[in-house]
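Before any comments, here is the structure.
Protein chains in written order, with the working numbering: chain A, 1 to 293; chain B, 1001 to 1400.
Here is the structure:
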């Protein structure tokens, strides 16, 4: 199947830094694609180039095999993480305003139903809660019934309940076979929603694939976690260890052998937890644990 | 067109629902008029204003005034059309007469004084003595016709002409003109200065001020209501959100212009008729012409606002830039007082301010009864400035 959206060797240079350095991506129709990376990795710049908001210094973006043109904006929806809307406009008026920009639109009532906005249709957009506001921004991105949807950190700042509700919304949009490009800091979110992810660091893609395939590729086995007070790993400990303030994590592909080893050393297994690697682990494994400036 | 209309309506709703801003837009001119009435009624300002043709020559050595350029032909024609009585003024006046000046229907003579033997030179001596009077603002006049209009409307209390033959004009219904005339006689003219009468209704200061206050309110509304709002949109990433949609910059800008123009014209119209009910101000020209002039001025000021807000997302910088534009216009565009008699460079500078032309045109229509043809130069200036502001604004404009 041909890619709906394709980035070829994208480069973005600023006077003092190269923010994106040769990124190539191919996103197929109906897929939820996650772009992950630490702050300053270049993912926002990459997405802005794919949205057509910023021109690349080098490389190109193709939509349905063609370079982006003025019709592109009619066919995509973009939800920004942080934006504001015109003061004093109600939820409904905001949707009507943005609907007027497009040739083909969904009925406003349907957008409001999709995004659960009916309860505050006549409310001033400035008085919406964080979750309601994000749903309104999603509604604005959906108002033209786009085939391709960009979601920029859509659940940042939301409480767990609002986040779960938002994920349910995105799953319902996915069910309509819409293509989604999601940038997020939450690995849990990427794992829950994305069919495919790419991890960026220092302007480059450093890993790409399905979450499961990437975890299998980078992690064989599981993590055993012990309270730090119970175990101080010796220098010749045969498995990879990660020590945090509270726990000691042991990465092993053979749980039985590791447990036997610990028992032989008379390590208390009180408080032992077995944990499968997550995207958080993968992210830290690939991008490092040091604090970036 | 649908997008333009939606943006237009959205901006109107934003303005009309912002009660604080809306109230201020209506309240400010009323407050300004009241404040002006208080501030400008105090001491320290000249009590009288006299236009003088050949002022420099009169201030120079004696006999220089006589060599000043002769009256242009149009002056004589204008004087005739105004019902001037100079040619028939008595050569040897009977002396100052309170009763004669009270009705102002007959020429008032200048008493003969000792001094120079040439009657014209004696008249100029009287004028020179008159120039020593304090609390009088002396304004050098080039355009005699315009100056005569000012006498008609009490903007000048007296108009002196130091050229041959020396003469002066006074409006008999102007009490200040009467007082000045008595002072002029007291200067000791040994000859006579032919005296002409110029009839006309008094233009109160408030009548003269009103076009300026309306234009000033329009200036603030256009510059801040468009310039500052665009910067706020940019800072709040509203423009970024719009950029991600198919809307074009030109649609957005046109919607801003149209919305602000409609709102500002509505506010100005309400103020105009509201203040008229309160003050019964003088209006000589056509209401339609006035509307057109304010609309052209409004577009020009909006374009200026767009130009100033074309790039920055820093609201403090935008505020500074807008202040930089509004404050010079506040003082150099003739809102509160005319720049006549000021340094020429200041007058030249004021010609590059759109508000100057808006106020000049509005005053010509309201006070002098000018038609649209009579204010074409001002309209031309404003149109040219609009084109420049829009071109620069479009060149510099950025969504983010």
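Just so you know, even glycine gets a beta-carbon here, dropped at the ideal spot from N, CA and C.
Short of 6 Å from the beta carbon of residue 1161 of chain B, and not among the five residues preceding or following it, lie these beta carbons of its own chain, in chain order: 1053, 1167. Relative to residue 1320 of chain B, the option among B:1308, B:1271, B:1292 whose CA is nearest is B:1308. The beta carbon of residue 184 of chain A lies closer than 6 Å to those of 153, 190 in the same chain, with the five residues before and after it left out.
Sequence-distant Cβ neighbours of residue 1329 of chain B in its own chain, meaning closer than 7 Å and more than five residues away, are 1219, 1353, 1355. Residue 272 of chain A sits in coil when the DSSP states are folded into three classes, being neither helix nor strand. Residue contact with chain A for residue 1302 of chain B: absent (no Cβ-Cβ distance below 7 Å to any residue of chain A).
Note on residue 276 of chain A: under 16 other CB atoms within 10 angstroms of its CB, so exposed under the neighbour-count rule. Taking 7 Å as the CB threshold, residue 1340 of chain B stays off the interface with chain A.
Close to chain A, meaning a Cβ-Cβ distance shorter than 9 Å, is no residue of the segment 1331–1365 of chain B at all. Listed in chain order, the beta strand (DSSP E) runs fully inside the segment 1255–1306 of chain B amount to none, counting runs of at least 3 residues.
Cβ contact annotation for residue 1400 of chain B (same chain, cutoff 6 Å, sequence separation greater than five): 1240, in chain order. Residues are counted here when their Cβ sits less than 7 Å from a Cβ of chain A; for the segment 1236–1268 of chain B these are 1236, 1237, 1238, 1240, 1241, 1243, 1244, 1245, 1246, 1247, given in chain order. Proximity of residue 1311 of chain B to chain A, defined by a Cβ-Cβ separation below 7 Å, is not satisfied. Of the candidates A:220, A:221, A:250, A:250 places its Cα closest to the Cα of residue 232 of chain A. Distance from the Cα of residue 1212 of chain B is smallest, within the candidate group B:1383, B:1223, B:1391, B:1333, for B:1333.
Neighbourhood of residue 1006 of chain B in chain A, by CB distance below 9 Å: 96, 97, 98, 99, 100, 101, in chain order.
Among the residues of the segment 80–93 of chain A, those with a Cβ less than 8 Å away from any Cβ of chain B are 80, 82, 83, 84, 85, 86, 87, 88, 89, 93, in the order of the chain. When only Cα atoms are considered, residue 1373 of chain B and residue 1288 of chain B end up about 13 Å apart. Between the segment 27–34 of chain A and the segment 80–90 of chain A there are fewer than three C-beta pairs closer than 8 Å, too few to call the two in contact. The residue among B:1336, B:1137, B:1368 with its C-alpha nearest the C-alpha of residue 1046 of chain B is B:1137. In the DSSP assignment, residue 32 of chain A falls within the beta strand (DSSP E) that extends over 32–36. Counting along the chain, the unbroken beta strand (DSSP E) around residue 4 of chain A starts and ends at 3–14. Secondary-structure assignment with DSSP links residue 1160 of chain B through a beta bridge to B:1052, B:1168.
In this structure, residue 1010 of chain B and residue 97 of chain A form a Cβ contact; the two beta carbons are roughly 5 Å apart against a cut-off of 8 Å. Below the 8 Å Cβ cutoff, chain B contributes no neighbours of residue 206 of chain A, its closest Cβ being approximately 28 Å away.
For residue 1345 of chain B, the enclosing alpha helix (DSSP H) stretches over residues 1344–1350. Residue 71 of chain A counts as exposed, since fewer than 16 other C-beta atoms from the protein chains shown sit within 10 angstroms of its C-beta. Per DSSP, reduced to three states, the secondary structure at residue 1340 of chain B is coil, with no helix or strand assignment.
Rounded to whole angstroms, the Cβ separation of residue 1140 of chain B and residue 1056 of chain B is 7 Å, and the two are in contact under 8 Å. When C-beta atoms of the segment 59–79 of chain A are compared with those of the segment 151–167 of chain A, three or more pairs fall below 8 Å, so the two segments count as touching.
Residues of chain B with a Cβ closer than 8 Å to the Cβ of residue 250 of chain A do not exist, since the nearest Cβ in that chain sits about 46 Å away. Where residue 19 of chain A is concerned, there is no enclosing alpha helix (DSSP H), although the beta strand (DSSP E) around it starts and stops at 17–28.
At least one CB of chain B lies nearer than 7 Å to the CB of residue 78 of chain A. Taken atom to atom, the span from the alpha-carbon of residue 104 of chain A to that of residue 141 of chain A is near 13 Å.
Classified as exposed, residue 240 of chain A has fewer than 16 neighbouring CB atoms from the shown chains inside 10 Å of its CB.
Ranked by Cα distance from residue 15 of chain A, the first of A:145, A:2, A:57 is A:57.
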